[in-house]
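Some notes on the structure that comes next.
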Amino acid sequence: MNEKTTPKRIGVIACCGEEIPEGTLTRAVVRILMEELKPEETATICLPLFIAGDEQERTFAQSFPTITLDGCEKRCAQIGTEKYSHTVAWALVIPDIIKALHLDMKGTREEFEPDLARAVAEQVARRIEELQRKGG
Amino acid sequence: MKKPVVIIPCSGIGKAYGTICREAVYEVVERRRPDKARTLCLGLLTKGDEEAIDLLKESPCISVDGCAKKCSYKNIERMAEKTSIPFTIMDLFRKHRDLNPNDLDLGTVLHLGEGGKYLVHLLADEICHVMDRMGDKDE
């Protein structure tokens, strides 16, 4: 593998959906990636900064190959990122990941369930590794 | 029946202040004023969801922001063309001069410390106070 083409950091943008438990879970997953699983390889940005921020913020998905993590099929993170920044490398949705893991959604919008957050974060970490292998 | 106040916290994911805003909003909409307030996903505005924008256009709005970027306030302003009643963590510290963020155990984005939880309650107090004044004006 050519190291020059291996992106050091992969962007992961959570929808953070305030209304639903899955939104709170997306937020926990990104923090677990950043703090525990892939601290040197993950970058993130607050999704609403694409509107509140400036041009620098809107180059995020151009600067980093980006995975979006949405809590529901409205796909706010994916659509917002693609509208204001760049096409995403992967668009993941929490119910799909949970279904693939044969798990049930747990937690509330106030409190995420740590084991579930960890299991989902490990799945996203695999996608990060896959993107790195592909060179972004 | 009057429309519930829509209270939207920022989606701040980099610092504990984002979590403080988020939890303060849940404190208000879940426990303190559940019949008078609701929240809405801020991402829906960034996406440009028409249903969310229509809801904001016809409801009183409060934004709660954890940093100077004011994502909640600006998304409401730009997408719904509406001025929300703004709350920020910075204003909370300006109002409560006895509080020094460096002396508080804010905790992390995922797990607030005692100081962070204290700010959640203080911020919820402030939001409820303003909501009650809004109600008085309407009566």
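Protein sequences, first through last, are from chains A and B. Just so you know, we're using my numbering here: the first sequence kicks off at 372 and counts up by one. Just so you know, we're using my numbering here: the second sequence kicks off at 3 and counts up by one. Here a beta-carbon is modelled for each residue, glycine too, at the ideal position from N, C-alpha and C. Since the structure is predicted, the reported quantities are computational estimates derived from the model, not experimental observations.
Rounded to whole angstroms, what's the CA-CA distance from residue i to residue j? Just pull it up for me.
{"i": "C417 (chain A)", "j": "D138 (chain B)", "result": "36 angstroms"}
{"i": "C23 (chain B)", "j": "I438 (chain A)", "result": "25 angstroms"}
{"i": "T85 (chain B)", "j": "G451 (chain A)", "result": "22 angstroms"}
{"i": "D467 (chain A)", "j": "L101 (chain B)", "result": "44 angstroms"}
{"i": "S61 (chain B)", "j": "P88 (chain B)", "result": "15 angstroms"}
{"i": "I469 (chain A)", "j": "C63 (chain B)", "result": "34 angstroms"}
{"i": "A460 (chain A)", "j": "P436 (chain A)", "result": "6 angstroms"}
{"i": "G45 (chain B)", "j": "A385 (chain A)", "result": "9 angstroms"}
{"i": "R498 (chain A)", "j": "V383 (chain A)", "result": "10 angstroms"}
{"i": "D475 (chain A)", "j": "R80 (chain B)", "result": "37 angstroms"}
{"i": "K4 (chain B)", "j": "A126 (chain B)", "result": "21 angstroms"}
{"i": "L472 (chain A)", "j": "E493 (chain A)", "result": "11 angstroms"}
{"i": "I465 (chain A)", "j": "R504 (chain A)", "result": "24 angstroms"}
{"i": "A496 (chain A)", "j": "S13 (chain B)", "result": "22 angstroms"}
{"i": "K38 (chain B)", "j": "M136 (chain B)", "result": "11 angstroms"}
{"i": "I129 (chain B)", "j": "F95 (chain B)", "result": "15 angstroms"}
{"i": "Q427 (chain A)", "j": "S434 (chain A)", "result": "10 angstroms"}
Which term fits residue i, buried or exposed, when burial requires 16 or more other beta carbons within 10 angstroms of its beta carbon?
{"i": "N77 (chain B)", "result": "buried"}
{"i": "T143 (chain B)", "result": "Outside the displayed span of chain B (3 to 141) sits residue 143 (chain B), for which this structure offers no information."}
{"i": "L58 (chain B)", "result": "buried"}
{"i": "E481 (chain A)", "result": "exposed"}
{"i": "P11 (chain B)", "result": "buried"}
{"i": "G506 (chain A)", "result": "exposed"}
{"i": "T458 (chain A)", "result": "exposed"}
{"i": "D134 (chain B)", "result": "exposed"}
{"i": "D67 (chain B)", "result": "buried"}
{"i": "D486 (chain A)", "result": "exposed"}
{"i": "Q449 (chain A)", "result": "buried"}
Output, in chain order, the set of chain A residues within a Cβ distance shorter than 7 angstroms of residue i.
{"i": "L58 (chain B)", "result": "Chain A residues near L58 (chain B): none, gap ~13 angstroms exceeds 7 angstroms."}
{"i": "C130 (chain B)", "result": "Near C130 (chain B) there are no residues of chain A at all, since even the closest Cβ is about 17 angstroms away, more than 7 angstroms."}
If the cut is a Cβ gap below 8 angstroms, which residues of chain A does residue i touch?
{"i": "V111 (chain B)", "result": "R398 and R402"}
{"i": "E32 (chain B)", "result": "E481"}
{"i": "C63 (chain B)", "result": "Per Cβ cutoff of 8 angstroms: no residues; C63 (chain B) is ~14 angstroms from chain A at best."}
Between the options, which has its C-alpha nearest residue i's C-alpha?
{"i": "L112 (chain B)", "options": "B:K72, B:I15 and B:R96", "result": "B:I15"}
{"i": "C447 (chain A)", "options": "B:K49, B:I9, B:A39 and B:G68", "result": "B:K49"}
{"i": "P419 (chain A)", "options": "B:P36, B:I55, B:R33 and B:C43", "result": "B:C43"}
{"i": "A488 (chain A)", "options": "A:L396, A:V464 and A:L463", "result": "A:L396"}
{"i": "T21 (chain B)", "options": "A:F483, A:D425 and A:A471", "result": "A:F483"}
{"i": "Y318 (chain A)", "options": "A:L502, A:V495 and A:F431", "result": "As displayed, chain A neither begins before 372 nor continues past 507, which places residue 318 (chain A) out of reach and without an answer."}
{"i": "H131 (chain B)", "options": "B:V30, B:R40 and B:M81", "result": "B:V30"}
{"i": "K71 (chain B)", "options": "B:R99, B:N104 and B:Y19", "result": "B:Y19"}
{"i": "I391 (chain A)", "options": "B:D93, B:T41 and B:N104", "result": "B:T41"}
{"i": "G442 (chain A)", "options": "A:I381, A:K505, A:R380 and A:G478", "result": "A:G478"}
{"i": "S65 (chain B)", "options": "B:A26, B:R96, B:E32 and B:G115", "result": "B:A26"}
{"i": "A414 (chain A)", "options": "A:I381, A:P485 and A:L502", "result": "A:I381"}
{"i": "D425 (chain A)", "options": "B:C73, B:L47 and B:D107", "result": "B:C73"}
What residues from chain B crowd round residue i, counting only those whose CB sits closer than 8 angstroms?
{"i": "R480 (chain A)", "result": "Y28"}
Answer yes or no: the CB of residue i versus the heavy atoms of the ligand NAD, is any distance below 7 angstroms?
{"i": "L47 (chain B)", "result": "This structure does not include the ligand NAD; it has no bound ligands of any sort."}
Using a cut-off of 7 angstroms between C-beta atoms, extract the partners of residue i located in chain B.
{"i": "I450 (chain A)", "result": "K49"}
{"i": "E390 (chain A)", "result": "T41, L42 and C43"}
Using a Cβ cut-off of 8 angstroms, which residues of the segment 78-89 of chain B contact any Cβ in chain A, in chain order? Residues passing the 8 angstroms Cβ filter: R80 and M81.
Give the residues from the segment 416-429 of chain A that approach chain B closer than 7 angstroms (Cβ to any Cβ), ordered along the chain. Going along the segment 416-429 of chain A in chain order, one finds C417, L418, P419, L420, F421, I422, A423 and G424 with a Cβ nearer than 7 angstroms to chain B.
Members of the segment 10-30 of chain B near chain A, C-beta cut-off 8 angstroms: Cβ contacts with chain A come from I10, P11, C12, S13, G14, I15, G16, G20, R24, E25, V27 and Y28.
Against chain A, which members of the segment 35-53 of chain B pass a CB distance test of less than 9 angstroms? Identification of residues in the segment 35-53 of chain B having a C-beta nearer than 9 angstroms to some C-beta of chain A yields R40, T41, L42, C43, L44, G45, L46, L47, T48, K49, G50 and D51, given in sequence order.
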